[in-house]
Every structure is written in C-alpha cells, then in structure tokens.
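Each residue of the sequence shown is one higher than the one before, starting from -12 at the first, in my numbering. For glycine and all other residues, C-beta sits at the position ideal for the given N, C-alpha and C. Quick notes on the structure that follows.
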Amino acid sequence: MGWMDWLFGSQEEEYVCPVEKLESYRRLGEQVYRLREELSGSRQPRALAYMEAATALQKMADALLGEAFCGLDGQARAIPAISHRQADVWYETIPELVIAARQEAAFAGSSRLALPVKLDALLEEPGGRSPIEHIWGLRRAAEELERLVELDMGLIPPGTETFRSAILRYQEARTRKEAADAIAGIRSRERQMSAEAHEDAEAQYAQALSAYLLVVQGLKAPEALSQAAAKLNQPCKLDGDSIWKVTSRYAVSAIRRDGEWDQAEADLQEHWQEHVVTEEERAYEITVEAYLEREEIEEHGWWYCCPFPSIYKALRPVQVLGRQIEPGEEFVYAYGDPGEPGGLIVERSFVPTEKKYCED
C-alpha cells in the first residue's frame, strides 16, 4: 500500500489531515508567492500565464481544505476525505507550473508545458455522492477564483477583441458559479440536498472552476486562449459522416485482407452511433492533421481497438495534448468505448499484435 493509499484509503466521510501534510501545502503556497515576487517585473506573457495558473490552483486547493488548516494551530478539524484527495491533486500540479513559469521567464518558448493549462475532471466519491461539505468547499474555491479575476475583468473595455476568449470564458465561469450557488442554496451542515441537486451543483462548480482557470491564463497570454478556442472550431475528420473517418489506412487494408470487413463495419457502426466526440479528441485530430501536413510525423501502423486509429511516429519534437513527444517515439489516441474516456498513449515503439479486435 502506497503512502497516498494509506492517507486516503479510509472509507469514512471525514478525515483529519496530518499537520506535516498541511505544512507542506503551506510551503507550496509560499513557493507560489515567491514566484509572483520573481516575476513582478516580467513581460513574458506565457510565464505570467503559468504563474497565474499556479496561483489559481493554490487558491482553489486552500479554499477546498478550508478549516483543515486550523490543524496548524493544534485544533484538528476533520473535512471530507474527497476534499483532501482533490486538493492534493491540485497541489501536486503547482511545482510543474512554477518550473514552466521560470523557464519561460528565462527563455521565451522554452517550456514544454502546453498553454492553456486545463483542469482535469474532478475526483469522484467512490461508491456514492460526496459529502455536502465538499460542495461548500467547491463553492469556496469558485469564490476565490471570482475574486482573483473580477477586478481585471472589470478593467477591460467592452468589446476588446484581444481578450475576446477570456471575456467569453469569464461569462461562462460566473454564470455556472451562479447556477451552482442557486442549486446548492444556503450553507448549512444540516441542510439536505436531493441526489439530483447535489450532482448538478457539483457539475456546475466543476465547469466553473475549469473556465476560471482558463480566464486567469487568458488575461496574461490572450493569444494562447484564443488560439486554443480557434483550434477547436476548425473542421477535422471527426466532422465526417463515414464510420471509417479515423480508421488507419493500414487497418483498412488488413481488415479487408483478413476477411473481417463485415465485422469491422458492424463494430464501427455501433461505435460511432453511441460515441460523443470530446474536446480532447477534436484537439488531438486537429493537431495530428497539422503535424502530418508539415511532415513532422508519419503514419506508422494502426491500433487494434475500434475504431482502429493510426499510430504515428514523430520525426521531430512535437507536442500532442500537452505531452512532449521526441523524434522516434510513437503515439496513438486510443478511443474509449462509448461513455468511457480515451487517452493518448506514447511508446518508444509499439509491439505488433495478432489481435484484430479488443477482447473483453
């Protein structure tokens, strides 16, 4: 059992965070404060965007833990274990953002961390909905981010095209926060919420936090946010009607040769009938098409799972979904089953397989 498993392995609703862990969180906050001092005179927009992302995550995590920090004064306060787990995920991201900010401040374009930094999906309570106190923690986190950006947003003249993406994201963020606040209602430990209201409030806060994180970066590096938004609006192969739209040409040849055409066609029909295209999938396909056009990657095989996408080999250093891929490395986006997340897989080299389809 790992340390994190031991720390958060309890199935109890509440947990008292060890003082030494709280102290480590506080030191991370001090690291962010020192970074802000270091970059106070910087004019590198990407460095400042990384800095603001680190600041936002620190404020979110601090707010989520809330009264747990009273433990530093010897007054241990228990809060939901899910809140500790989520805060820990956010705190663990901060050092990478600090590194990226310092690298970018030293040499523009040197950081490998893609902008804008995006918020991963919130952790879920195993076996059921999270405690009501976790909802209040998410509310505090959203309130902190609103305070972080509201002054700067108020200083932007209406209709300023430079900050178009940041303005639009801000309108989304504050609207989702307001919706979540309305659903959650008055803070009270004794207050009961229906399962549907609980789920809706948590989802709205999650989307609000995600949008706020983009806003803080867009205020410092507006081009990074606008480019990301423009990229997702580009047409790509996912917009096509063909069930073979992302299937590798090598896969098509192999399926036809092996006499598996009818089975593959049925599998693909079922896959795309139920599949909902995600932003990540769209970003991946658009990125890949651009690299292929510039001859920075080449198709090098196919993935045996439906919809049988292409495996690519990097010819030059490339960034795909925020991951740096070096020359010679191979990668593929493995589409998940309908309703299940997919993901980027990177290997030095993929090993050929005799499998034609995924096995249960």
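Local Cβ density within 10 Å of residue i, reported as buried at 16 or more and exposed below that
i, result
"Glu252", "exposed"
"Gly246", "exposed"
"Ile332", "exposed"
"Val319", "buried"
"Glu17", "exposed"
"Gly146", "exposed"
"Arg243", "exposed"
"Arg269", "buried"
"Arg236", "exposed"
"Ser70", "buried"
"Asp254", "buried"
"Trp248", "exposed"
"Pro67", "buried"
"Gly58", "Reliability fails at Gly58, whose pLDDT of 47 lies under 50, so the model's placement of it is uncertain and no value is given."
"Ala36", "buried"
"Gln194", "buried"
"Arg161", "buried"
"Gly141", "exposed"
"Gly124", "buried"
"Val338", "exposed"
"Arg163", "buried"
"Ser152", "buried"
"Glu334", "exposed"
"Glu327", "exposed"
"Trp(-10)", "Confidence in Trp(-10) is poor, its pLDDT being 35 and thus under 50, which makes the residue's placement unreliable; the coordinate value appears in the next sentence. With fewer than 16 Cβ atoms within 10 Å of its Cβ, Trp(-10) is classed as exposed."
"Val264", "exposed"
Proximity to residue i [Cα-Cα], best of the options
i, options, result
"Glu165", "Glu276, Ala129, Pro144, Ser181", "Ala129"
"Ala65", "Ser29, Gly28, Pro118", "Pro118"
"Glu24", "Thr42, Glu7, Glu10", "Thr42"
"Glu257", "Glu286, Cys293, His287, Thr234", "Cys293"
"Ala48", "Glu137, Gln214, Leu196", "Leu196"
"Trp231", "Glu183, Ser213, Ala108, Ser297", "Ser297"
"Ile154", "Arg281, Ser213, Val233", "Ser213"
"Leu201", "Gln158, Val233, Asp228", "Gln158"
"Glu286", "Gly28, Pro222, Glu112, Val233", "Val233"
"Leu219", "Glu276, Ala241, Ala95, Gln250", "Glu276"
"Trp348", "Thr274, Ala241, Glu280, Glu137", "Given a span of -12 to 347 for the chain in the structure shown, any question on residue 348 remains unanswerable."
"Thr274", "Glu7, Gln221, Ser229, Ser27", "Gln221"
"Trp259", "Pro113, Asp228, Arg30, Glu137", "Asp228"
"Ile81", "Pro113, Met38, Ala108", "Met38"
"Ser29", "Glu137, Arg116, Ala95", "Ala95"
6 Å CB neighbourhood of residue i in its chain, flanking five on each side removed
i, result
"Arg99", "Gln311"
"Gly172", "none"
"Ala40", "Leu84, Val104, Gln204"
"Phe150", "Ile143, Pro209"
"Ala301", "Ile284, Ile312, Pro314, Glu316"
"Val19", "Ala41, Thr42, Gln45"
"Glu183", "none"
"Tyr12", "Tyr78"
"Gln112", "Just to set this straight, residue 112 is Glu in the shown sequence, not Gln. Ile69."
Check whether residue i and residue j have beta carbons under 7 Å apart
i, j, result
"Tyr78", "Leu15", "yes"
"Arg134", "Ala198", "no"
"Ala74", "Leu106", "no"
"Phe295", "Ala238", "yes"
"Arg127", "Ala50", "yes"
"Ala34", "Ala101", "no"
"Arg72", "Leu44", "no"
"Leu225", "Glu272", "yes"
"Gly329", "Tyr322", "yes"
"Ala87", "Leu22", "no"
Same chain only: Cβ atoms within 7 Å of residue i, ignoring 5 sequence neighbours per side
i, result
"Val305", "Tyr278, Glu283, Ile284, Ile312"
"Ser336", "Glu317"
"Asp168", "Arg126"
"Glu261", "Pro325"
"Pro5", "none"
"Leu308", "Glu267, Ala270, Tyr271, Leu331"
"Gln90", "Ser97, Ser98"
"Arg303", "Glu283, Pro314"
Contact set for residue i: own chain, Cβ-Cβ below 8 Å, skip 5 residues either direction
i, result
"Glu210", "Pro32"
"His122", "The amino acid at residue 122 is misidentified as His; the sequence shows Ile. Within the same chain, Ile122 has close Cβ partners Ala171, Met180, His185, Ala188, Glu189, Tyr192."
"Asp139", "Leu206"
"Leu26", "Ala34, Leu35, Met38, Ala88, Ala92"
Where in the region 163 to 236 do unbroken runs of the alpha helix (DSSP H), each at least 4 residues long, occur, reported from the N-terminal end onward? DSSP runs (the alpha helix (DSSP H)) wholly in the region 163 to 236: 182 to 205, 209 to 220.
Ranges of the alpha helix (DSSP H) found wholly within the region 233 to 271, counting only runs of at least 4: 236 to 244, 248 to 261
What runs of the alpha helix (DSSP H), each 4 residues or longer, lie entirely inside the region 70 to 141? Positions of the alpha helix (DSSP H) runs, each at least 4 residues long and wholly inside the region 70 to 141, cannot be given because no such run exists.
Whole beta strand (DSSP E) elements within the region 289 to 331, 3-residue minimum: 297 to 301, 305 to 307, 310 to 312, 317 to 321
Whole alpha helix (DSSP H) elements within the region -2 to 57, 4-residue minimum: 6 to 25, 32 to 52
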